[in-house]
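What follows is a short report on a single structure.
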Amino acid sequence: MVHIEVQVLRAARDRKCKHFAELYDQGAVNREFVFVAMSLLGRDLHKLRNEQPFRKFSPATAVRVAIQTMEAIQELHSFGFISRDVKPGNFVIGIGEKQKTIFLIDFGLARKYVDKNGNVLPSRGELGWRGTARYGSLQAHQRRDLSRKDDIESWLYMSVELWKGSVLWRHLVDRAQIHVVKLEVRTSRKSEFFRDCPKHYVNFLTEIDKWKFEDEPKYAEFLADLDEIAKSYHVTADVPFDWEEDKSGRNAAISQSDRAQKREGRGSIEPV
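Positions 49 to 320 (the working numbering) are the ones given, in order, by the sequence shown.
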């Protein structure tokens, strides 16, 4: 799948996308060994989350992670590809001065969703499983062709996990059982699933479930809501991320976010 990686990275480079590694070179040695040279990046969000207290990010970090990962997915979609495997392990931070930037990686399951004229390709119907069970969309569980909508649905499951530290199906391995819980999240277990999350996350799921296969996700609306969440927690550009080496401001950032959460009631939702 190296050719897909190269296609994606080349397209991102040509468009000067922010959330992709820089492609330096690619080729083959003796027609046997294929190589891709790209910029060096840091640890992934899965590892970074596991290093945090209670295996979750502070609100100040979680909301900015949600913003940057949404931006990365939007960039990928903008040049005609879908990921089909959105998950914390496929997002990494930069190193050095770029450790505040999140990058989307691993395009082994990526696919073009438009034809040469930019028209959205129709659904191919039932196919095999694609993606990772924990973050897979309802369409993925039904083994159906995936679209931009499914990347955003996976993004929401990931964002809930990074905010709360877990999802309701965390300990399940059977895909059918995970599918059942994801259906329950739409009905009887909605309040449980979104407990302690910003109220906007509930609206995100409602909106995602309205979209059809060919619909363009409402990136701008989601990002505007995420910016509103960030403002409610008084998040500014100088607030360190949880993983930054200088931890001196981290506890202050967390406590400030927690105070805002308690004061403004942003950390929980009404029963739904």
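For every residue, glycine included, the Cβ atom is placed at its ideal position computed from N, Cα and C.
Quiz item: Hey, Leu253 and Lys238: beta-carbon distance below 9 Å or not?
Solution: In the sequence shown, residue 253 corresponds to position 205, counting from 1. In the sequence shown, residue 238 corresponds to position 190, counting from 1. Yes.
Quiz item: Taking the Cβ atom as the reference point for each residue, do Val140 and Phe151 lie within a distance shorter than 9 Å?
Solution: Position 92 of the sequence shown, counted from the first residue, corresponds to residue 140. Position 103 of the sequence shown, counted from the first residue, corresponds to residue 151. Yes. Within cutoff.
Self-check item: Leu194, buried or exposed, once every other Cβ within 10 Å from all chains shown has been counted against 16
Solution: Position 146 of the sequence shown, counted from the first residue, corresponds to residue 194. Result: buried.
Self-check item: Per-residue DSSP class, three states only, for Ile200
Solution: Looking up residue 200 in the sequence shown gives position 152. When DSSP states are grouped into helix, strand and coil, Ile200 belongs to the helix group.
Quiz prompt | Cβ separation of Gly213 and Phe102, assumed to be a contact under 8 Å, to the nearest whole Å | solution = Numbered from 1 along the sequence shown, position 165 holds the residue referred to as residue 213. Numbered from 1 along the sequence shown, position 54 holds the residue referred to as residue 102. About 5 Å separates the two Cβ atoms, so the contact holds.
Quiz item: Would a C-beta distance cut-off of 9 Å place His67 and Glu123 closer than the cut-off?
Solution: Numbered from its first residue, the sequence shown carries residue 67 at position 19. Numbered from its first residue, the sequence shown carries residue 123 at position 75. Their beta carbons are under 9 Å apart, which means His67 touches Glu123 by this criterion.
Exercise. Could you tell me how far apart the beta carbons of Val215 and Tyr249 are, in whole angstroms, since I believe they sit closer than 8 Å?
Key: Here the question's residue 215 lines up with position 167 in the sequence shown. Here the question's residue 249 lines up with position 201 in the sequence shown. At roughly 12 Å, the Cβ-Cβ gap does not stay under 8 Å, so Val215 and Tyr249 are not in contact.
Practice problem: Would you mind listing the beta strand (DSSP E) stretches within the region 104-165 that are 3+ residues and don't spill past its ends, in chain order? | Solution: Counting whole runs of 3 or more residues, the region 104-165 contains the beta strand (DSSP E) stretches 139-141 and 150-152.
Quiz prompt | Environment of Glu53 [buried if 16+ CB atoms lie within 10 Å] | solution = Taking the sequence shown and counting its residues from 1, one reaches residue 53 at position 5. By the 10 Å Cβ count, Glu53 comes out buried.
Self-check item: Opening and closing residue of the beta strand (DSSP E) in which Phe83 lies
Solution: Mapped onto the sequence shown, residue 83 falls at position 35. Note, Phe83: beta strand (DSSP E), Phe81 to Met86.
Practice problem: Write down every uninterrupted run of the alpha helix (DSSP H) in the region 234-289 whose length is 4 residues or greater and which is fully enclosed by it, in chain order. | Solution: DSSP runs (the alpha helix (DSSP H)) wholly in the region 234-289: 238-242, 248-258 and 267-280.
Quiz item: For Gly75, which beta-bridge partners are listed by DSSP?
Solution: On the sequence shown, residue 75 is found 27 positions in, with the first residue counted as 1. The partner list for Gly75 (beta bridge, DSSP) reads Phe83.
Quiz item: With distances taken between CB atoms, is the gap from Val111 to Leu274 smaller than 9 Å?
Solution: Along the sequence shown, one-based indexing puts residue 111 at 63. Along the sequence shown, one-based indexing puts residue 274 at 226. Yes, they are a contact pair.
Self-check item: Exposure of Pro170, with buried meaning 16 or more beta-carbon neighbours within 10 Å
Solution: Here residue 170 refers to the residue found at position 122 of the sequence shown. Exposed, by the Cβ-count rule.
Quiz item: So is the beta-carbon of Val221 under 8 Å away from any non-hydrogen atom of the ligand SAH?
Solution: Of the ligands one can find in the structure shown there are none, so the ligand SAH has no counterpart to examine.
Quiz item: Under the rule that 16 or more other beta-carbon atoms within 10 Å means buried, what is Ser280, buried or exposed?
Solution: In the sequence shown, residue 280 corresponds to position 232, counting from 1. Burial call: buried.
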